[in-house]
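Participant: Sharing a structure with you now.
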Amino acid sequence: MKETLRYLAGLAGPSGYGSNSTAEQVTEDFPLPSQLTAIITGATSGIGAETARVMAKRGVRVIIPARDLKKAGEMKERIHKESPKAEVIVLEIDLSSFASIKRFCSEFLSLGLPLHILINNAGKFSHKLEFSEDKIEMTFATNYLGHFLLTELLIEKMVETAAQTGIQGRIINVSSVIHSWVKRDGFRFNQMLNPKNYNGTRAYAQSKLANILHAKELARQLKARNARVTINAVHPGIVKTGIIRDHKGFITDSLFFIASKLLKSTPQGASTTCYVGLSTKTEGVSGKYYADCNECSCSSMANDESEAHNLWKQSRALIHRRLRLPAAAA
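Taking this note's numbering, I'd label the letters of the sequence shown as residues 1013 to 1342.
Right, dumping it as structure tokens:
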């Protein structure tokens, strides 16, 4: 209740920021190391685009993985118009395709660049049941498994970069408060891969819960190996993004009109990601859940360590079978 009242009033939390803070505001005073490199998925529109714009403005080298290279090129031009010295690199990826993700990572690694920040931001909502080329339900494949694989293939580069530069690596999984709608008996790995009774809202919520559990488990593993890389999950707030615009059944026009006063602007929606990704106040913090630029509570299921570990094992085993990657310790 306290967090809800703070949100409605736009009051700042312990971090000094709140629901009204924008991405530019929360990054104004951060003393950033020179030439950080960040990969930001979903950076061609909405929250991801604003995150990329602000980070580029602050001097971060931005890698934009995109399925639509034309849109990504246009985004690059918009960034350069505002920040002529910004370094923006566009590479092709389809987050619903394991093979495409593997190609992207190979291409990125071949550039010989460091990697300090990975922002798993891209999201998909689908009313109808669709399957990826890997025969996995599209929402789960894109929002969760795609980012899981992307992180798996880039984590060693992040650990290496942190060791060589002394700059802590940071991974941010963009989740949603809707994760709390998922019940324990409605979170079964094989059923999420191939649901019998599909519901778009449920599938989206399941993928967002999986994003948090992924952050929890990977944070534990990174701490166990003393790696200087953190991972946290964030809820950006309810923003009128492309996901909502494209699927009016998710939030009807009438409901949107009523709720519009409570929704965040895109700059406000990108603030928590930028805060967790760049703030000195979040250095060393890992396995946490943030909203409105402050650490907050997530559902009891999202905090379940055994659930997080089991999901990681099942996800890793699936990807290992499909791509024949080297086995990892449980």
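Yeah, the Cβ is synthetic: ideal placement off N, Cα and C, and Gly gets one too.
In this text, all values refer to a predicted model and were calculated from it rather than measured experimentally.
Where residue 1211 and residue 1144 are concerned, what is the direct C-alpha to C-alpha distance, given to the nearest angstrom?
Facilitator: For residue 1211 and residue 1144, the distance between alpha carbons rounds to 17 Å.
Participant: Determine the DSSP secondary structure at residue 1068, reduced to helix, strand or coil.
Facilitator: If DSSP states are grouped into helix, strand and coil, residue 1068 belongs with the helices.
Participant: If residue 1194 sits next to residue 1215, beta carbons under 8 Å apart, how far is it from one beta carbon to the other, in whole angstroms?
Facilitator: So it is not a contact: roughly 10 Å between Cβ atoms.
Participant: For residue 1182, which beta-bridge partners are listed by DSSP?
Facilitator: For residue 1182, which the question treats as bridged, DSSP gives the partners 1129, 1242.
Participant: Determine the DSSP secondary structure at residue 1050, reduced to helix, strand or coil.
Facilitator: Residue 1050 falls in the strand class under three-state DSSP.
Participant: Taking only three categories from DSSP, how would you classify residue 1092?
Facilitator: DSSP places residue 1092 in helix when its eight states are reduced to three.
Participant: Using the Cα positions of residue 1133 and residue 1059, report the straight-line distance between them to the nearest angstrom.
Facilitator: Answer to the nearest angstrom: the Cα atoms are 8 Å apart.
Participant: Are there 16 or more other CB atoms within 10 angstroms of the CB of residue 1034, so buried, or fewer, so exposed?
Facilitator: So residue 1034 counts as buried.
Participant: Would you report the Cα separation of residue 1138 and residue 1150, rounded to the nearest angstrom?
Facilitator: Residue 1138 and residue 1150: Cα-Cα distance of roughly 8 Å.
Participant: Can you tell which of 1333, 1206, 1251, 1297 has the C-alpha that lies nearest to the C-alpha of residue 1244?
Facilitator: Among 1333, 1206, 1251, 1297, the Cα nearest to that of residue 1244 is on 1297.
Participant: Leaving aside the five residues before and after residue 1152 along the sequence, list all residues of the same chain whose C-beta is less than 7 Å from its C-beta, in chain order.
Facilitator: Here the set comprises 1204, 1205, 1215, 1218, 1219.
Participant: Give every residue of the same chain whose Cβ lies closer than 7 Å to the Cβ of residue 1232, excluding the five residues on either side of it in the sequence, and list them in chain order.
Facilitator: Taken in chain order, the residues that qualify are 1299.
Participant: Is it buried or exposed, residue 1040, if we count other Cβ atoms within 10 angstroms and call 16 or more buried?
Facilitator: Its Cβ having fewer than 16 others within 10 Å, residue 1040 is exposed.
Participant: Determine the direct distance from the alpha carbon of residue 1280 to that of residue 1302, and round the result to whole angstroms.
Facilitator: The alpha-carbon atoms of residue 1302 and residue 1280 are separated by roughly 14 Å.
Participant: Does the beta-carbon distance from residue 1100 to residue 1074 come in below 8 Å?
Facilitator: Cβ distance < 8 Å, so residue 1100 and residue 1074 count as in contact.
Participant: Considering just the uninterrupted stretch of the beta strand (DSSP E) at residue 1103, what are its terminal residues?
Facilitator: Taken as a continuous stretch (DSSP letters only), the beta strand (DSSP E) holding residue 1103 covers 1100-1104.
Participant: Check for me: the beta strand (DSSP E) holding residue 1248 runs from which residue to which?
Facilitator: Looking at the DSSP string, residue 1248 is not in any beta strand (DSSP E), and its letter there is neither H nor E.
Participant: Taking residue 1305 as the reference, give the member of 1202, 1159, 1290 with the closest Cα.
Facilitator: Cα-wise, what sits closest to residue 1305 is 1290.
Participant: Run the CB neighbour count on residue 1061, radius 10 Å, all protein chains shown included, and call it buried at 16 or more, exposed below.
Facilitator: When all chains shown are included, residue 1061 counts as buried.
Participant: What number of angstroms, rounded off, separates the C-alpha of residue 1045 from the C-alpha of residue 1076?
Facilitator: The alpha-carbon atoms of residue 1045 and residue 1076 are separated by roughly 21 Å.
Participant: First and last residue of the alpha helix (DSSP H) that includes residue 1216?
Facilitator: 1212-1236 is the extent of the alpha helix (DSSP H) around residue 1216.
Participant: Distance check for residue 1023 and residue 1122, CA to CA, integer angstroms please.
Facilitator: Approximately 45 Å, taken between the alpha carbons.
Participant: Rounded to a whole number of angstroms, what is the C-alpha to C-alpha distance between residue 1174 and residue 1097?
Facilitator: Cα to Cα, the separation comes out at about 25 Å.
Participant: Considering only residues of the segment 1103-1178, which uninterrupted alpha helix (DSSP H) runs meet the minimum length of 4 residues and lie entirely inside it, listed in chain order?
Facilitator: The segment 1103-1178 contains these whole alpha helix (DSSP H) runs: 1110-1122, 1158-1177.
Participant: Pair every Cβ in the segment 1077-1087 with every Cβ in the segment 1104-1123, then say whether three or more of these pairs are closer than 8 Å.
Facilitator: Verdict: yes, contact present.
Participant: Determine whether the beta carbon atoms of residue 1176 and residue 1242 lie at a separation below 8 Å.
Facilitator: No, these two residues do not count as a Cβ contact at 8 Å.
Participant: From the DSSP secondary-structure annotation, give me the bridge partner or partners of residue 1306.
Facilitator: DSSP output for residue 1306 lists 1303 as bridge partner(s).
Participant: Which same chain residues end up closer than 8 Å to residue 1285 when comparing Cβ atoms and leaving out the 5 residues on each side of it in sequence?
Facilitator: Here the set comprises 1035, 1059, 1063, 1131, 1133, 1184, 1186, 1246, 1248.
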